[in-house]
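Remarks on the structure that follows.
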Amino acid sequence: MQKVRFIAGGILTLAIAGCLVVGGHSLSQKAAKPSNTISTTTTSTANTTATSFNKQQYSLTDPTSIWVIANKTHPLNPKTYAPNLVVPTIPMRSNITGDERQVGKVMAGPLETMVNAAAAQGIHLNLQSGYRSYSFQVSLYNTYVRQQGQAAADTQSARPGYSEHQTGLAADLGGTTSPACNVAQCFDQTIEGKWLAANAYKYGFIIRYPADKEGVTGYEYEPWHVRYVGVDLATEMHKQGIETLEEFFGVSGGKVYK
Numbered sequence: 022m023q024k025v026r027f028i029a030g031g032i033l034t035l036a037i038a039g040c041l042v043v044g045g046h047s048l049s050q051k052a053a054k055p056s057n058t059i060s061t062t063t064t065s066t067a068n069t070t071a072t073s074f075n076k077q078q079y080s081l082t083d084p085t086s087i088w089v090i091a092n093k094t095h096p097l098n099p100k101t102y103a104p105n106l107v108v109p110t111i112p113m114r115s116n117i118t119g120d121e122r123q124v125g126k127v128m129a130g131p132l133e134t135m136v137n138a139a140a141a142q143g144i145h146l147n148l149q150s151g152y153r154s155y156s157f158q159v160s161l162y163n164t165y166v167r168q169q170g171q172a173a174a175d176t177q178s179a180r181p182g183y184s185e186h187q188t189g190l191a192a193d194l195g196g197t198t199s200p201a202c203n204v205a206q207c208f209d210q211t212i213e214g215k216w217l218a219a220n221a222y223k224y225g226f227i228i229r230y231p232a233d234k235e236g237v238t239g240y241e242y243e244p245w246h247v248r249y250v251g252v253d254l255a256t257e258m259h260k261q262g263i264e265t266l267e268e269f270f271g272v273s274g275g276k277v278y279k
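Counting in this note's numbering, the final residue of the sequence shown is number 279, and the numbers go up one at a time with none missing.
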């Protein structure tokens, strides 16, 4: 969701995009109940005849689930949810502080594995922003509204309680070759961005906000924003050529909050 530019000493001058926010709930990979209660749409592009993939393995609504979907029509429940957090042992931007140094415990290991695998190939990724608490998101979203108005803010920033960053399952990643493109759409032209786009699924991650999918996800293209969903789902989406969680599961999304 919201992209943040960082300057020495703290957060930030704003640019574009959309990301997201204290507690101790477990981020266990809970199995779904017989049916998910999330609302669905008939516009899914999933290939239902070519796969026997179990789409009900995990819940789409439980915030502790690795498949939870948070978008403008599906807030987290509760909106103040907070996961178990750890500080991953990976490189980070020099002035990162506080919550954003952390990620959900369930994602930390896969994130470390992916970053280390990239480094072994000469690709050096770093953490630009991880977890954002509900209170952090309140402050950040309100800043966008004051500067740009609510309509513009809603195209670039998640409202509190609707953010992927609050789940602990999302991270903004950058690289060392073109720092000016970190947390910017030109990241997809860097060697780090290209490696991430080609390899993230192998480690259980997807690029959550793909190009030309704003009408589906509700947010502009963010080649730096990865979301952990587990290797099985990430691989299945890659195999089927489906880029978004909304399309894969047939779940409503879009630009308008409900």
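No residue lacks a Cβ here, since even glycine has one placed at the ideal position from N, Cα and C.
Check: Is Glu241 near Thr176, with beta carbons less than 8 Å apart?; Outcome: yes
Check: Could you have a look at Tyr79 and say whether DSSP puts it in helix, strand or coil?; Outcome: strand
Check: Could you have a look at Ile133 and say whether DSSP puts it in helix, strand or coil?; Outcome: Looking at the sequence itself, residue 133 is Glu, so the reference to Ile does not match. Glu133: helix per DSSP, three-state reduction.
Check: Candidates Gln206, Glu121 and Gln78: which alpha carbon is nearest Pro231's?; Outcome: Gln206
Check: Trp88 by DSSP, collapsed to three states: which one?; Outcome: coil
Check: Whose CA, out of Gly236, Arg248 and Gln77, lies closest to the CA of Tyr224?; Outcome: Arg248
Check: Can you find at least 3 beta carbon pairs, one from the region 118-133 and one from the region 183-192, that sit closer than 8 Å?; Outcome: yes
Check: Is Phe226 helix, strand or coil by DSSP?; Outcome: strand
Check: Which residues bound the beta strand (DSSP E) around Tyr249?; Outcome: Glu243 to Tyr249
Check: What does the Cβ neighbour count give for Val42, buried or exposed, with the cut at 16 atoms within 10 Å?; Outcome: Any answer about Val42 is weak, because its pLDDT of 34 lies below 50 and its placement is not dependable; what the coordinates show is given next. Burial call: buried.
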